[in-house]
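> Protein chains in written order, with the numbering used here: chain A, 1 to 338; chain B, 1 to 338.
Here a beta-carbon is modelled for each residue, glycine too, at the ideal position from N, C-alpha and C.
Protein chains: 2
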Amino acid sequence: MPELRKDPIVGRWVIIATERGKRSNDYRPAAPAPGVEPRFCAFCSGNEDKTPPEILAYRPEGSKPNSPGWRVRVIPNKFPALRIEGGLNREGEGIYDKMNGVGAHEVIIETPDHKQTLATLTDKQLEDVLWSFRDRILDLKKDKRFRFILLFKNYGEAAGATIEHGHSQLIALPIVPRNVLDELQGAKEYYNFKERCIFCDIIKQELTSKVRLVSENDHYICIAPYAARFPFETWILPKTHDPYFEDSQKYDFEALSRILSDTLKRQNKALKTPPYNFIIHSSPFNQKYHDEDYYHWHLEILPHVTHIAGFERGTGFYINPTPPEDAAKFLREVEMED
Amino acid sequence: MPELRKDPIVGRWVIIATERGKRSNDYRPAAPAPGVEPRFCAFCSGNEDKTPPEILAYRPEGSKPNSPGWRVRVIPNKFPALRIEGGLNREGEGIYDKMNGVGAHEVIIETPDHKQTLATLTDKQLEDVLWSFRDRILDLKKDKRFRFILLFKNYGEAAGATIEHGHSQLIALPIVPRNVLDELQGAKEYYNFKERCIFCDIIKQELTSKVRLVSENDHYICIAPYAARFPFETWILPKTHDPYFEDSQKYDFEALSRILSDTLKRQNKALKTPPYNFIIHSSPFNQKYHDEDYYHWHLEILPHVTHIAGFERGTGFYINPTPPEDAAKFLREVEMED
């Protein structure tokens, strides 16, 4: 059983994924693989029997589960960081605290076509991916053990992807991750002081000044954030206050699909298809926080263009060599095909 | 002038290093360089005139500054993330907060010999490096604008090193970085509750259980921490309570040099000389915190053996596939040469 362990000093929970069980040999540099094409991909259409059975798929009426024809397909992660079975069993170990690594770890296969990426999907296909995110969240929220669901994507090896075929991931957690807790706390303090949502205020200022604005449509804004940690970091936020990603309306997802596709295309043009992560930060649930007033869901896109994350990961202190105003201007002015 | 900008939501300060001014072209993948040996290294003995003038050097009595013969040499960073001149000029920008990027950014050249690394230096040479850290801290602490000095090392390109020749870095900051603030706060809460230092309690438990112990000597302990974020992460801590690295005694540095050298050698054996960072966390100064009772300086060593930092950097949530007990056992049992 994987363990969730709490750092006794800063209170940060970490998943110790015992069952993935890597030994030091696994980390030694391997000889470079010969330049062979991957012959087999379990995520491709036609290979449905090579993955765990699907949890959800958008497929034509009447077509059988785990058969071809699907547009988006959600499966359990074959090597999950967390296990769905069991109770939390919180306990101490001397001065330390731990609980069972209970949670869900799922994979959203974004397209049956190995050659497509999120940036090359049609807006309609991308909208399907967003709907699948929502449907899985709504289902997992029923499980009272969970407090937070992380939706994220690793694109490219340097960003942590181990499988090439386009996919996102979902982890349902019995705790709220640190960065979200920090945002909740900061947003709450601002709200207590101003009686306004800090995210709404950011959107207002960015729409006025326009220097960090990448793009906007009726429902969403894409900005390079003022204190961006990484070069070409961008955030997509709903223009109207909304704590929950999963409460978005149909027209929201249409508009979100358009701005996300546009942002990824701009990023690919500007940085020649860089590795990147995205993370959706949405309000926690099943707990006592009353954060609907001050928390505002958003999507953060973090391209990997520098190696400097090493030092930063030990300090939480970031040096960003590209001012977000420069990044936003560059992304705004990228020449887009029609 | 570089800027320090505060994230309006979580309050995290970021250095926007405007003068390093990278544009998107700088991040596009370059054609692989032909396999030529670097012909010239400004950090090598004999090339002292190719670096900014030295701030400090340990060299034979009577030898001239910026000439060969030194054992350790400290110079200003040629491309500093922060500038030493000027005032902080804190100001707002609408809802945002910023100040001038005032600080010091120095490079400690650990050896005149291009082929040596921290792990191959003699204990005596390594002790000289530690003394140079201390001497620079004592000097920079006099500057009342600074509150914290970060000492760190990037080894290997994946860990952020851009220069091969063995060197560490120092950044003096007008703010305390987030991870240190989190540690201070957590340690303070524990102290308020227990009237004991959390680090001292960790040391006691680790010396008793021994499962996460890598090594120890009279003055220091090396452990794989209970909630390690990264595979083979290790911490070196002084066994007796000490908030300030720079207050260490002569015999401390002798013992620290031995355990640091031993740990790096074990890490190199276990992981085949991996890229790594180390960071020294020591008490802030020139401020109102009274943290001497509860903060305990330590050195964190973070090897880079996985790519998963990508997702983690967006969430602060870590998945570690190697239990620290396994890592500690492996490092303990590495066969060392005499």
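With a cut-off of 8 Å, does the C-beta of A/Lys6 fall near any C-beta of chain B?
Yes - at least one Cβ of chain B is within 8 Å of the one on A/Lys6.
> Is the beta carbon of A/Ile108 closer than 8 Å to that of A/Ser168?
Yes, the Cβ-Cβ distance between A/Ser168 and A/Ile108 is below 8 Å.
> Exposed or buried, which one is A/His304 when buried takes at least 16 other CB atoms within 10 Å?
Buried, since its Cβ has 16 or more Cβ neighbours within 10 Å.
> Check whether the Cβ of A/Tyr318 lies closer than 8 Å to any Cβ atom in chain B.
With 8 Å as the cut-off, A/Tyr318 counts as an interface residue toward chain B.
> Any C-beta of chain A sitting closer than 8 Å to the C-beta of B/Val211?
For B/Val211, the answer is no, since every Cβ of chain A falls outside 8 Å of its Cβ.
> Helix, strand or coil: which one does DSSP assign to B/Glu314?
Here the sequence assigns Gly to residue 314 of chain B, which means Glu is not the residue at that position. In this structure, B/Gly314 counts as helix in the three-state DSSP scheme.
> Is the CB of A/Ala224 under 8 Å away from at least one CB in chain B?
No, its Cβ sits nowhere closer than 8 Å to a Cβ of chain B.
> Quick check: what's the CA-CA separation for A/Leu56 versus A/Phe43?
When rounded, the distance between both Cα atoms is 14 Å.
> Considering only the beta carbon of each residue, do B/Glu292 and B/Pro238 sit closer than 8 Å?
No, the pair does not count as a contact, with Cβ atoms beyond the cut-off.
> Check this for me: beta carbons of B/His219 and B/Asp252, under 8 Å apart or not?
Cβ atoms of B/His219 and B/Asp252: closer than 8 Å.
> Under a Cβ-count criterion, where at least 16 other Cβ atoms within 10 Å of its own Cβ denotes burial, should A/Ile306 be classed as buried or exposed?
The residue you asked about is not Ile; residue 306 of chain A is Thr in the sequence shown. A/Thr306 is buried by the Cβ-count criterion.
> Is DSSP giving A/Lys98 helix, strand or coil here?
Strand.
> In chain order, what residues of the region 174-202 of chain A put their CB closer than 7 Å to some CB of chain B?
Here the close residues are Pro177, Arg178, Asn179, Asp182, Glu183, Gly186, Ala187, Ile198, Asp201 and Ile202.
> I want to verify the contact list: residues of chain B whose CB lies under 7 Å from the CB of A/Gln205, in sequence order.
By Cβ distance, chain B contributes Gly94 and Ile95.
> Listing by chain order, which chain B residues have their CB less than 9 Å from the CB of A/Ala17?
Under the 9 Å cutoff, chain B gives Ile319, Asn320, Pro321, Thr322 and Pro323.
> Is there contact here, the region 174-191 of chain B with the region 314-330 of chain B, by at least three beta-carbon pairs under 8 Å?
Segments in contact, no.
> Which word fits A/Thr263, buried or exposed, when buried means at least 16 other C-beta atoms lie within 10 angstroms of its C-beta?
So A/Thr263 counts as buried.
> Tell me which residue opens and which closes the alpha helix (DSSP H) that B/Thr234 is part of.
Here B/Thr234 belongs to no alpha helix (DSSP H); instead the beta strand (DSSP E) covers Thr234 to Pro238.
> Would you kindly check if the distance between the Cβ of A/Glu110 and the Cβ of A/Leu118 is under 8 Å?
In contact: A/Leu118 and A/Glu110 (Cβ atoms closer than 8 Å).
> Please compile the residues from chain A whose C-beta is within a distance smaller than 7 Å of the C-beta of B/Ile9.
What B/Ile9 touches in chain A: Glu183, Gly186, Ala187 and Ile198.
> Residues in the same chain with beta-carbon distance under 6 Å from B/Ser261, minus the five sequence neighbours each way, listed in chain order, please.
Cβ neighbours of B/Ser261 beyond the five flanking positions: Asp123 and Leu126.
> Chain A partners of B/Glu300, CB-CB under 8 Å?
Per Cβ cutoff of 8 Å: Gly314.
> Mind checking who B/Tyr220 pairs with in its DSSP beta bridge?
According to DSSP, which records beta bridges pairwise, B/Tyr220 is partnered with B/Pro238.
> Comparing the C-beta of B/Gly160 with each C-beta of chain A, is any distance below 8 Å?
Chain A, which has a Cβ nearer than 8 Å to the Cβ of B/Gly160, makes this yes.
> Exposed or buried, what is B/Gln267 when buried is set at 16 or more other beta-carbons lying within 10 Å of its beta-carbon?
Looking at its Cβ environment, which holds 16 or more other Cβ atoms inside 10 Å, B/Gln267 is buried.
> Could you name the residues of chain A that B/Leu150 contacts, counting a contact when the two beta carbons are closer than 9 Å?
The answer, in chain order, is Phe311, Thr315 and Phe317.
> Return the first residue and the last residue of the alpha helix (DSSP H) that B/Lys265 is part of.
Looking at the DSSP string, the run of the alpha helix (DSSP H) that includes B/Lys265 is Lys250 to Leu271.
> Buried or exposed for B/Phe323, going by 16 or more other Cβ atoms inside 10 Å?
Correcting the residue type first, residue 323 of chain B is Pro in the shown sequence and not Phe. By the 10 Å Cβ count, B/Pro323 comes out buried.
> Residues in its own chain within less than 7 Å of B/Trp70 by CB, not counting five upstream and five downstream?
Counting only Cβ-Cβ distances below 7 Å, and skipping sequence neighbours, we find Ala57, Tyr58, Arg59 and Pro112.
> Given this structure, state the Cα-to-Cα distance separating B/Phe230 from B/Ala270, to the nearest angstrom.
C-alpha separation (whole angstroms): 15 Å.
> Please confirm whether A/Val420 has its beta-carbon closer than 8 Å to some beta-carbon of chain B.
Not covered by the structure: residue 420 of chain A. The range shown for chain A is 1 to 338.
> Tell me whether the beta-carbon of B/Leu82 lies closer than 8 Å to the beta-carbon of B/Ile171.
Yes; because the gap between Cβ atoms is below 8 Å, this pair is in contact.
> Where A/Phe79 and B/Arg5 are concerned, what is the direct C-alpha to C-alpha distance, given to the nearest angstrom?
For A/Phe79 and B/Arg5, the distance between alpha carbons rounds to 40 Å.
> Starting from the beta carbon of B/Ala328, find every residue of chain A whose beta carbon is closer than 7 Å, and list them in chain order.
Within chain A, no residue comes near B/Ala328; the closest Cβ sits about 11 Å away, beyond 7 Å.
> Counting only Cβ pairs nearer than 8 Å, list the residues of chain A close to B/Ala227.
Near B/Ala227 (Cβ distances below 8 Å), the residues of chain A are Arg5, Lys6, Asp7, Pro8, Arg12, Trp13, Val14, Ile16 and Tyr96.
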